[in-house]
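Q: Under our numbering, the first residue of the sequence shown is numbered 1, with each subsequent residue one higher.
By construction, the Cβ of each residue, glycine as well, lies at the ideal position given by its N, Cα and C atoms.
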Amino acid sequence: MASPTRSRSRSAARLAAVQALYQQEMEQTPIAALLHEFHHHRLGATIEDVEYADAEVDFFDDLVRGASARKAELDGLISARLAKGWSLARLDKPMLQILRAGAYELVARPDVPTGSAISEYVDVAKAFYDNKEAAFVNGLLDAVAKDVRG
Numbered sequence: 001m002a003s004p005t006r007s008r009s010r011s012a013a014r015l016a017a018v019q020a021l022y023q024q025e026m027e028q029t030p031i032a033a034l035l036h037e038f039h040h041h042r043l044g045a046t047i048e049d050v051e052y053a054d055a056e057v058d059f060f061d062d063l064v065r066g067a068s069a070r071k072a073e074l075d076g077l078i079s080a081r082l083a084k085g086w087s088l089a090r091l092d093k094p095m096l097q098i099l100r101a102g103a104y105e106l107v108a109r110p111d112v113p114t115g116s117a118i119s120e121y122v123d124v125a126k127a128f129y130d131n132k133e134a135a136f137v138n139g140l141l142d143a144v145a146k147d148v149r150g
């Protein structure tokens, strides 16, 4: 069982990873520069009255590097589970990053229980969206989990 502090630091790492992946997608920031910026200026900092919780840095780095490196594979897993007539291009940019990070964790982090990973990204979705979108994240990541974890 993870400690509450570790759990919080992993939650913070997931949220920060989604933000970093979004920034990377929008600005094409090289991963090394992006990680440097987050390590030195975001994680654990307070910016415009928003406190960024201390994140588990190695976990954050793995999510960002892994989701970026395996983007094509993750996009294939996500696309396969979208409703007929939907494509990745129709997804909101932050939503796509939430799904990529969640799918990466399901594919590459067997140390994280399936239910924990999915529920964490549902919580990340709630930071950006309403319940309808959070339910979408839940359903899509559950389907991806069945594909990759059996």
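Using 10 angstroms around the beta-carbon of Ala67, count the other beta-carbons present and answer buried if the total reaches 16, otherwise exposed.
A: Counting Cβ neighbours within 10 Å, Ala67 comes out buried, since at least 16 surround it.
Q: How many whole angstroms separate the CB atoms of Leu106 and Leu141, which I take to be in contact at a CB cut-off of 8 Å?
A: The Cβ separation is near 7 Å, so the contact holds.
Q: So, is Glu120 buried or exposed, given that buried needs 16 or more other C-beta atoms within 10 angstroms?
A: Flag for Glu120 reads buried.
Q: Can you tell me whether Thr114 is helix, strand or coil according to DSSP?
A: Residue state, collapsed to three classes: helix.
Q: Using three-state DSSP, classify Leu15 as helix, strand or coil.
A: Three-state result, Leu15: helix.
Q: Can you find the residues in the same chain that come closer than 7 Å, C-beta to C-beta, to Asp54, ignoring five residues on each side of it along the sequence?
A: Closer than 7 Å at Cβ, skipping near neighbours: Ser9, Ala12, Leu43 and Gly44.
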